[in-house]
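One structure is given below, encoded as structure tokens.
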Amino acid sequence: MTTYHVEFGHLGDSRPVPDLTLDYDPAAENPRGTAFETAVAEHAIPHLRPALEQMGRPELADCAFIASKDRTAGHFLWADLAAGQAARFCAARITTVRPVVPVTPLHAAPQARKGVA
């Protein structure tokens, strides 16, 4: 299991999508390899839709998230195959989050015991 942090970029003059922290297990991935991308899209599209509507491009909300093979970057892709049009927008930076492991100091102070001098 790996934890990823996804930081979404600008869309016009704003950053409408809040950052996302996502646990992902490649071993549980479906054969098409889209579970990570689907989870990111499900988080982001409800935030993108109002911004895209305000920009006069509501059709772009019917999009998919595409991540690089090494999962370090991604973007949203909209395509109208019949019209031969496509658009990439709202780039994202993807980083892995190191797990927080509690550390016990090597030289911890001894605990005082009750009744012992």
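Each residue of the sequence shown is one higher than the one before, starting from 183 at the first, in the numbering used here.
Note that the Cβ used here is the ideal one computed from N, Cα and C, for glycine as well.
Computed from a prediction, not measured in an experiment: that's the story for all the values here.
Contacts around His187, its chain only, beta-carbon distance under 6 Å, and the 5 residues preceding and following it disregarded: Answer for His187: Thr203, Thr277, Val279, listed in chain order.
The beta strand (DSSP E) that contains Leu259, what's its start and end? Taken as a continuous stretch (DSSP letters only), the beta strand (DSSP E) holding Leu259 covers 255-262.
Starting from His187, follow its DSSP beta bridges and name the residues at the other end. Here His187 is bridged, per DSSP, to Thr203, Thr277.
Limits of the unbroken alpha helix (DSSP H) element including Ala223: For Ala223, the enclosing alpha helix (DSSP H) begins and ends at 217-236.
Shortest alpha-carbon distance to Asp207 belongs to which of Val199, Gly191, Glu219? The shortest C-alpha to C-alpha distance from Asp207 to any of Val199, Gly191, Glu219 is the one to Glu219.
Can you tell me whether Leu230 is buried or exposed? The criterion is at least 16 other CB atoms within 10 Å of its CB, across all chains shown. So Leu230 counts as buried.
Where the beta strand (DSSP E) through Ala249 begins and ends: In the DSSP assignment, Ala249 falls within the beta strand (DSSP E) that extends over 246-249.
Coarse secondary structure for Ala209, derived from DSSP in three states: Note: Ala209 maps to helix in three-state DSSP.
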